[in-house]
Amino acid sequence: MYTTANNRLTQLTQILSPIVNDSDKSFAQYLLQNPTFAPNPESSLNPDKPFKIAIIGSGNWGTTIAKIVAENALARPHLFSHYVNMWVFEEKINGENLTQIINQRHENIKYLPGVKLPKNLIAQPDIVTAVKGADLIIFNLPHQFLPKILKQLKGNVPKTTRAISCLKGLEVSKDGCKLLSTYITEELGIVCGALSGANLAPEIARGKWSETTVAYKLPNDYRGAGKDIDKLVLKACFHRPYFHVNVIEDVAGVSVAGALKNVVALAVGFVEGLGWGDNAKAAIMRVGLLETIKFSETFFPQSQADTFTAESAGVADLITTCAGGRNVKVGRYMAETGVSAEEAEKKLLNGQSSQGIVTAKEVHELLTYVDKLEEFPLFEATYQIAFGSESIENLPNLLNTHA
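Residue numbers for the sequence shown follow this note's numbering, so the first one is 147 and each next one is one higher.
Next up, the structure:
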């Protein structure tokens, strides 16, 4: 029996070596000890036919994820189709189409300049063409554009397609709050997980090491190892020597953490812009983490508390986002200059969105609907400051911590 287990470990280690060559044996041991992660890993990594992957979105994060996936398609031709489509919202750069520039120069000169992209990454201006035949669709664009995108995709995506959302935000209405992955599932009828973590796109695009969290739960209509996307296939899709992936099942926790960290980072930018120092920023992060966990427990009780403390998608992402990134930049610039959020985004972000502004508004609307504004003082204060009804100088009084 011991020999059989040893043989299985050796076989698994060899099978996994192209995927996680920095920790093959430990990951193989993990699979043996946790059979629900991948019930039949040998078959998962030897599919009936290679899985085809498409990315929706080509901003700096969308292009970075597309680069990772295309690299893995080259490294694992038995597992993934050679060409990876990336849908690009067509625009002109000095008279040339952005898709043409990407496909000819292998560089997204507007949103990820200076980073060479794999030649098997194909920029597609037509979204239906981009997703045609895809087994896995990765959504990675500002979440306010999602309704329009889903309307274009409706009827063009088979129900057996799987999806991962890299979007940061929530879908809010008077009826409550839903995850963007849930919104995608409801609109397209496909199962959708989430990816989030301490991931600043410019660093990852240049091969600087980081971690991320992928959340995905096998659906009831899972077709079996080698025939369908599962956790091991997702790890193989995203894992690189410089981008380490942990796959869990807590889609709600990963999604909420990824959305609300942008609101907290906006508030950190406010106090940074006033020169209040590291102590004030730490206070904002502490309160922000507590309110994020409370928000998740309130609106998504199925979420797991340890996602916020043990995973890259939780406190690690919060720290990274609050240390830099576009939300901090926007908040800081607003504090330094007194301009509106819209003006700050226009000045600093080259046509991209900070996400924190939009999410702060959505959270405010939700908390207003359910009469819970007073239970989330940081989120509400950030909204009031962002939209001009409160001053940043009054933030300590609005939080009223330990009063």
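Every residue, glycine too, gets a C-beta built ideally from N, C-alpha and C.
Q: Would you list the one or two residues that DSSP bridges to R308?
A: Within the DSSP bridge table, the entry for R308 names L282, V337 as partners.
(Q) Please report the straight-line C-alpha distance between K354 and V391, rounded to a whole angstrom. (A) Cα atoms of K354 and V391: separation of roughly 14 Å, rounded to the nearest angstrom.
(Q) Give me the DSSP bridge partner(s) of W233. (A) I202, Q270.
Q) When the distance is taken between beta carbons, is F522 closer than 8 Å to E443? A) Cβ atoms of E443 and F522: not closer than 8 Å.
(Q) Tell me the residue span of the alpha helix (DSSP H) that contains A550. (A) Past the edges of the chain, shown from 147 to 549, lies residue 550, and the structure says nothing about it.
Q: Measure from the alpha carbon of A403 to the alpha carbon of each residue in I330, R472, L316, W422, then state which is nearest.
A: For A403, the nearest C-alpha among the options comes from L316.
**Q.** T182, enclosing alpha helix (DSSP H) - first and last residue
**A.** Taken as a continuous stretch (DSSP letters only), T182 belongs to no alpha helix (DSSP H), as it is neither H nor E.
Q. What is the residue span of the alpha helix (DSSP H) that F389 lies within?
A. In the DSSP assignment, F389 falls outside any alpha helix (DSSP H) and within the unbroken beta strand (DSSP E) covering 389-394.
Q | Neighbourhood of S458 by C-beta distance below 6 Å, restricted to the same chain and skipping five residues each side | A | For S458, same chain residues with a beta-carbon under 6 Å away, outside a window of 5 residues either side, are G343, A344, E357, T358, T359 in chain order.
Q: Classify R386 as helix, strand or coil using the three-state DSSP reduction.
A: For R386, the secondary structure class from DSSP, reduced to helix, strand or coil, is strand.
(Q) Just to confirm my understanding: we take T528, look at its own chain, exclude 5 residues before and 5 after, and list those with CB closer than 6 Å. What are they? (A) The answer, listed in chain order, is V409, L412, A413, A506.
Q) In three-state DSSP terms, what is I214? A) I214 falls in the helix class under three-state DSSP.
Q.
Which same chain residues end up closer than 7 Å to D561 when comparing Cβ atoms and leaving out the 5 residues on each side of it in sequence?
A. In the structure as shown, the chain begins at 147 and stops at 549. Residue 561 is therefore absent and cannot be evaluated.
Q | Through-space distance from K294 to F285, alpha-carbon basis | A | Rounded to the nearest whole angstrom, the CA to CA distance from F285 to K294 is 13 Å.
Q) In this structure, does DSSP put A371 in helix, strand or coil? A) Three-state DSSP puts A371 in a strand.
Q. How would you call R352, buried or exposed, if buried means at least 16 neighbouring beta carbons within 10 angstroms?
A. R352 is exposed by the Cβ-count criterion.
Q) Below 8 Å between beta carbons: does that hold for L380 and P187? A) Contact flag unset, no.
Q) Between the Cα of L524 and the Cα atoms of F416, V393, K300, which residue gives the shortest distance? A) Of the candidates F416, V393, K300, the one whose C-alpha sits nearest the C-alpha of L524 is F416.
Q) Who are N444's beta bridge partners in DSSP? A) First, the amino acid is wrong: residue 444 is Thr here, not Asn. Paired residue(s): none; T444 is not in a bridge.
Q.
Would L91 and R308 be called neighbours here (beta carbons separated by less than 8 Å)?
A. Since the first residue of the chain shown is 147 and the last is 549, residue 91 is not available in this structure.
Q. Nearest-angstrom Cα distance between A532 and G471?
A. Each residue's CA atom was taken as its position, placing A532 and G471 some 17 Å apart.
(Q) With three or more C-beta pairs closer than 8 Å as the rule, is the stretch 227-241 touching the stretch 199-209? (A) Yes: at least three Cβ pairs fall under 8 Å.
**Q.** Cross-strand partners of K324 (DSSP beta bridge)
**A.** Bridge partners of K324: E317.
Q: Tell me whether the beta-carbon of I105 lies closer than 8 Å to the beta-carbon of A481.
A: Any property of residue 105 remains undetermined from this structure, which presents the chain solely from 147 to 549.
Q. Between which two residues does the alpha helix (DSSP H) carrying A411 extend?
A. From DSSP, the alpha helix (DSSP H) with A411 extends over 397-419.
Q.
For N266 and H228, which I take to be in contact (beta-carbon distance under 8 Å), what is that distance rounded to the nearest angstrom?
A. The pair is a contact, with the Cβ atoms about 5 Å apart (cut-off 8 Å).
Q | Span of the alpha helix (DSSP H), counted from its first residue to its last, around E489 | A | If you look at E489, you'll find it in the alpha helix (DSSP H) that goes 487-494.
Q. So E457 is in the beta strand (DSSP E); what residue range does that whole segment cover?
A. Unbroken run through E457: none, as it is neither H nor E.
Q. Residues in its own chain within less than 6 Å of A340 by CB, not counting five upstream and five downstream?
A. The answer, listed in chain order, is S311, S327, A361, V397, V400, S401.
Q: Check V360 in the structure and name its three-state DSSP category.
A: If DSSP states are grouped into helix, strand and coil, V360 belongs with the strands.
**Q.** Residues near N206 by beta carbon distance below 7 Å, same chain, minus five either side
**A.** Y257, L258, A347, P348, listed in sequence order.
Q: Measure the alpha-carbon distance for L334 versus A276 and round it to whole angstroms.
A: Approximately 16 Å between the Cα atoms of the pair.
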